[in-house]
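Shown next, in structure tokens, is the structure this report addresses.
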Amino acid sequence: MEVRVLTGAALDAALDDVARLRITVFRDWPYLYDGDVDYERRYLQVYRESAAAIVVGAHDGDRLVGAATGMPLADHADDFAAAFAGSGIDMGSVFYCAESVLLAECRGHGIGHRFFDEREAHARRLGYDRIAFCGVMRPGDHPLRPEGARSLEPFWRGRGYAPLPGVVAHFSWKDIDQEAETDKPLQFWMREL
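Quick note on our numbering: the sequence shown kicks off at 16 and runs consecutively.
This is the structure we're talking about:
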């Protein structure tokens with residue numbers, strides 16, 4: 016597999032594949048996302064509009080099998096202002112790592128580390144001194160939690176990230192076992208660069 020940094024026209028050309036990957040990967044635990052291509056295209060539009068956006072793509076030949084995205088957190092101000100209110104953190108000083116999606120059969124080869132390495136390097140080049148992401152919070156006894164599900168927290172902590180107390184975003188989406196969208200809390204994690 017080859018990992019490539021995509022910006023500009025290459026980023027734009029990859030977004031439909033990123034949408035497909037988001038729907039496929041986020042359908043599994045812990046997101047359980049019942050995705051919609053039209054929503055994905057609208058959601059990913061912000062990456063076309065941000066000159067500072069990045070997509071890191073994992074390719075198996077010509078096929079995109081994984082992707083990680085990032086952009087300045089301030090470009091998501093409408094989505095995250097409530098989460099950061101009262102935190103004392105200037106959203107303008109933070110680079111945001113959005114999704115990291117990789118097909119299950121391609122995991123275990125260091126691609127997750129490369130995704131973070133490339134986004135962190137991009138944020139440094141842009142002059143950011145902090146980098147953050149958020150992850151969905153699911154109860155340990157969730158009925159769709161697979162036997163032996165592993166937390167990504169040790170991986171995140173190993174890269175120097177820590178949860179930001181009280182900095183929790185809320186988004187709604189339809190779970191694979193539900194008829195309607197429900198609210199989901201997403202915990203923010205951050206580290207200094």
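For each residue, glycine too, the CB sits at the ideal point set by N, CA and C. Just so it is clear, the structure is predicted and the values come from calculations on it, not from any experiment.
Identity of the residue in the options nearest residue i by Cα
i             : options                       : result
alanine 83    : Ser187, Thr22, Ser115, Asp190 : Ser115
tyrosine 48   : Val151, Val182, Asp27, Arg206 : Val151
valine 61     : Gly175, Phe131, Thr22         : Thr22
glutamate 207 : Ala68, Ala136, Pro158, Val40  : Ala136
glutamate 162 : Asp43, Asp27, Ala28           : Asp43
leucine 26    : Pro45, Asp53, Met16, Leu59    : Leu59
alanine 89    : Arg63, Gly175, Phe130, Phe110 : Phe110
proline 200   : Val18, Tyr46, Leu30           : Tyr46
alanine 113   : Ala24, Ala195, Gly85, Gly175  : Gly85
tyrosine 143  : Arg63, Ala67, Val18, Val40    : Ala67
alanine 28    : Val18, Arg63, Val40, Asp93    : Arg63
valine 71     : Glu17, Asp53, Ala92, Arg57    : Glu17
lysine 189    : Gly101, Arg129, Leu30, Asp51  : Asp51
leucine 141   : Asp77, Asp53, Ile69, Arg57    : Ile69
Separation of residue j from residue i, as counted between CA atoms
i             : j                : result
arginine 37   : glutamate 55     : 8 Å
glycine 125   : glycine 173      : 13 Å
aspartate 198 : alanine 184      : 10 Å
valine 20     : aspartate 75     : 14 Å
serine 65     : alanine 98       : 22 Å
glutamine 193 : leucine 159      : 12 Å
proline 154   : aspartate 132    : 30 Å
alanine 195   : phenylalanine 41 : 17 Å
alanine 92    : alanine 34       : 22 Å
Reduced DSSP secondary structure (H/G/I, E/B, other) of residue i
i                 : result
serine 166        : coil
leucine 118       : coil
histidine 124     : coil
glycine 103       : coil
phenylalanine 130 : helix
arginine 47       : According to the sequence as given, residue 47 is leucine; it is not arginine. In this structure, leucine 47 counts as coil in the three-state DSSP scheme.
isoleucine 191    : coil
Own chain residues within Cβ distance below 6 Å of residue i, not counting five before or after
i                 : result
phenylalanine 203 : Ala147, Cys149, Leu179, Val182
valine 80         : Ala73, Leu118, Cys121
aspartate 32      : Leu79
phenylalanine 95  : Ala184
Same chain, Cβ closer than 7 Å to residue i, neighbours up to 5 away in sequence not counted
i            : result
arginine 139 : Leu208
glycine 175  : Arg206
Taking 8 Å as the cut-off, does the stretch 157-168 touch the stretch 104-111 (at least 3 CB pairs, one atom from each stretch)? no
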